[in-house]
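Structure, as structure tokens:
Numbering (the numbering used here), first residue to last: 1 to 434.
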């Protein structure tokens, strides 16, 4: 019988996700908007930010499933995931350097697009670690810990990067250096703390390295056989689209519509509040979903996120923004934990990297669509002051309410004790085992 994971393996298997979360939660809500403001005209800031991040999200959408599929088929003494994660991290550091030195919009765009490419090369492989190393009846707990670590990264990123850039001057080189150090440390923690089996030692046949034709078919999936998984991805898309609208343009909304002082610090504090709330409830949410199922917590999560977004329309003070952010934070904390645990139990185990990579069609796809609203927001604001922002928030609320409705249509997974207790062949062996 395979052994159960040690406590530290729940942390190490999710360590790299911590580094990725720290990096992107610094770049998207804080660093990138500030750098865009420095390099484009005031009238085109939403358009420029929206189009740039949309291109990046399209790259993420394409690269993650390709990376996941390639790592599924990789044969290497380090295992099938870690070589791709190392390659991606090296590329990340290079393009973070480009961003740090960017003095024009086009140099910034090159750095950002390159970072998206290599970050998602590593991310696609990393997503296969949890189903590789965790038995199916421990994935809810592991997913809860993953979400808690992601949110801890968000909080620390908001505090550290927010403070570095909260005054009159922007410290982009120091900020990027912090991101590179955290990402490298997270890779090292994952490397030391996990024991991914060399692929040649697996008792399960590894799929062949895909050729060009198979790479073109990566986005072809068995819809009939995985219909519940597809519905789950649509739900994920809708909720993340709604919250992504607020994340993408929140800094400009607080500054231009609410006329709140120090919008950068406000974004940092809201991120910290959301992160602290999610950090507290992430693990209990995963544990609770193991007992009562995935659907009920997901419905509650969608309702809270919808309420928080609607409240954003009526607030006019820092306190009101904190309350709205808190509601969204509770909803997101529950949703992201339970939704990921739900997804890992629905994907085909032999193609976990591919199918979890395809989840980025929802994650990154929602970001693409949300950020493509940038030109529409600018256009609406030109017609009627603030109209573009208000329409954007209303659309975000509608999307989260649609996610709530669709969640009610999803069948509840089998309760614990009735699902097969199985261990993937990539569960690490005890030290000293052959």
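Think of the CB as a built atom: it goes at the ideal place given N, C-alpha and C, for glycine as much as any other residue.
Assigned exposure category for residue i - 16 Cβ within 10 Å defines buried
i           : result
residue 316 : exposed
residue 285 : buried
residue 28  : buried
residue 405 : exposed
residue 21  : buried
residue 203 : Note on residue 203: pLDDT 40, under 50, position unreliable in the model; no value is reported.
residue 15  : buried
residue 26  : buried
residue 10  : buried
residue 8   : exposed
residue 151 : buried
residue 233 : buried
residue 228 : exposed
residue 106 : exposed
residue 187 : buried
residue 385 : exposed
residue 393 : buried
residue 65  : buried
residue 104 : exposed
residue 314 : exposed
residue 434 : Residue confidence is low: residue 434 scores 36 on pLDDT, short of 50, so the model does not pin down where it sits. Its coordinate-derived value is still stated next. The residue in question, residue 434, is exposed, as its Cβ has fewer than 16 Cβ neighbours within 10 Å.
Residue i: first and last residue of the uninterrupted alpha helix (DSSP H) it sits in
i           : result
residue 244 : 227 to 256
residue 347 : No alpha helix (DSSP H) contains residue 347, which DSSP labels as neither H nor E.
residue 118 : 105 to 126
residue 78  : Unbroken run through residue 78: none, as it is neither H nor E.
residue 317 : Where residue 317 is concerned, there is no enclosing alpha helix (DSSP H), given that its DSSP letter is neither H nor E.
residue 45  : 45 to 72
residue 369 : 360 to 371
residue 147 : 139 to 164
residue 102 : Unbroken run through residue 102: none, as it is neither H nor E.
residue 19  : 15 to 26
residue 267 : 263 to 292
residue 177 : 172 to 193
residue 395 : 387 to 409
residue 298 : 295 to 311
residue 32  : 32 to 39
residue 129 : 129 to 133
Inter-residue spacing [alpha-carbon to alpha-carbon] between residue i and residue j
i           : j           : result
residue 298 : residue 331 : 8 Å
residue 100 : residue 31  : 10 Å
residue 141 : residue 343 : 13 Å
residue 377 : residue 320 : 23 Å
residue 121 : residue 87  : 8 Å
residue 23  : residue 389 : 27 Å
residue 231 : residue 147 : 21 Å
residue 18  : residue 149 : 6 Å
residue 359 : residue 381 : 34 Å
residue 383 : residue 244 : 24 Å
residue 133 : residue 262 : 44 Å
residue 371 : residue 62  : 17 Å
residue 346 : residue 268 : 35 Å
residue 160 : residue 174 : 11 Å
residue 41  : residue 123 : 34 Å
residue 335 : residue 278 : 10 Å
residue 435 : residue 115 : Here the chain covers residues 1 to 434 and nothing more, so residue 435 does not appear.
residue 49  : residue 247 : 12 Å
residue 180 : residue 224 : 42 Å
residue 272 : residue 77  : 40 Å
residue 52  : residue 125 : 25 Å
residue 236 : residue 339 : 8 Å
residue 171 : residue 185 : 22 Å
Residues of its chain near residue i, where Cβ-Cβ distance is below 7 Å and the 5 sequence neighbours each way are ignored
i           : result
residue 46  : 249, 252, 374, 377, 378
residue 400 : 238, 239, 242, 302, 305, 306, 309
residue 156 : 22
residue 113 : 55, 56, 59
residue 270 : 321, 322, 325
residue 108 : 35, 39, 99, 102
residue 111 : 95, 98, 99, 102
residue 295 : 407, 410, 412
residue 368 : 54, 57, 58, 61
residue 432 : Residue confidence is low: residue 432 scores 41 on pLDDT, short of 50, so the model does not pin down where it sits. No coordinate-derived value is stated.
residue 397 : 242, 306, 309, 310
residue 288 : 297
Residues near residue i in its chain [Cβ-Cβ closer than 8 Å; skip 5 each side]
i           : result
residue 264 : 30, 34, 162, 165, 166, 251
residue 356 : 68, 127, 128, 131, 343, 344, 347
residue 311 : 320, 323, 324, 327
Same chain, Cβ closer than 6 Å to residue i, five either side skipped, listed in chain order
i           : result
residue 91  : 118
residue 337 : 143, 144, 147, 282, 285, 286
residue 129 : 13, 81
residue 43  : none
residue 435 : One cannot answer for residue 435 here, as it falls past the ends of the chain, which runs 1 to 434.
residue 274 : 325, 329
residue 387 : 380
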